[in-house]
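Asks:
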């Protein structure tokens, strides 16, 4: 329930999702709120409590369950997500996303994973819902799925750092754009339309690499 996760939670609730189970062990800090769904009045609260209040204000029909801890081990994750209609990974951590992909495969749990890259220049949403969707942890071996190259200044392999300051980590507009895309893909899959492919990459700011030189969808 960082920057992207908080907006996804709110948009899912506003779209009619009846129950959300939010998992995050961090508190909302002053540097977070420029990109977070919760505002300054929530600083000092846990992120899950802050987003619960925002969801309650906008979508009181949604039941929000809170897990005020950061959970990384596979057994705990499996027990929490086994009966979920969808797991949404907004951690931006590639190793964790691959572990979730393996766990979701094992339990046949639908999965979406979203992250921003290159200072918010590129957003990617990956879906692992149906048998026709390529397993996320196997996509690195498949040339059909473009690799998002890290930039020269990336210290963490090109992954974003969530909702932390300063704002140039990723502009709020990129956070909002990729969050909206994520929920569009999620709702599309939850109702069984599958109009989107299993991986969507949007370029918000042009990069030097050939596939990413134009703003729009890769």
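Residue numbers (my numbering): 790 to 1007. All residues carry an ideal CB built from backbone N, CA and C; glycine is no exception.
(1) Counting only the same chain and skipping the five closest in sequence on each side, list residues whose C-beta sits under 8 angstroms from that of residue 1006.
(2) Using DSSP with H/G/I as helix, E/B as strand and the rest coil, what is residue 988?
(3) If you reduce the DSSP assignment to three classes, tell me which class residue 972 lands in.
(4) Please classify residue 821 as buried or exposed, where buried requires at least 16 other C-beta atoms within 10 Å of its C-beta.
(5) Taking just the CA atoms, how far does residue 941 sit from residue 800?
(6) So, is residue 854 buried or exposed, given that buried needs 16 or more other C-beta atoms within 10 angstroms?
(7) With 16 other CB atoms within 10 Å as the buried threshold, where does residue 829 fall?
(8) Going by DSSP, which residues form a beta bridge with residue 810?
(9) What residues in its chain sit with their C-beta under 6 angstroms from that of residue 954, if we drop five residues either side in the sequence?
(10) CB residue 900 to CB residue 876, shorter than 8 angstroms?
(11) Exposed or buried, which one is residue 930 when buried takes at least 16 other CB atoms within 10 Å?
(12) Beta-carbon within less than 8 angstroms of residue 878's beta-carbon, same chain only, minus the 5 sequence neighbours each way: which residues are those?
(13) Nearest to residue 872 by CA position, among 928, 839, 810, is which residue?
Replies: Let's see:
(1) 989, 990, 991, 992
(2) strand
(3) helix
(4) buried
(5) 34 angstroms
(6) exposed
(7) exposed
(8) 854
(9) At residue 954 the pLDDT is 47, less than 50, meaning the model places this residue with poor confidence; the figure from the coordinates comes in the next sentence. Around residue 954: 820.
(10) yes
(11) exposed
(12) 885, 886, 889, 900, 901, 902, 903
(13) 810
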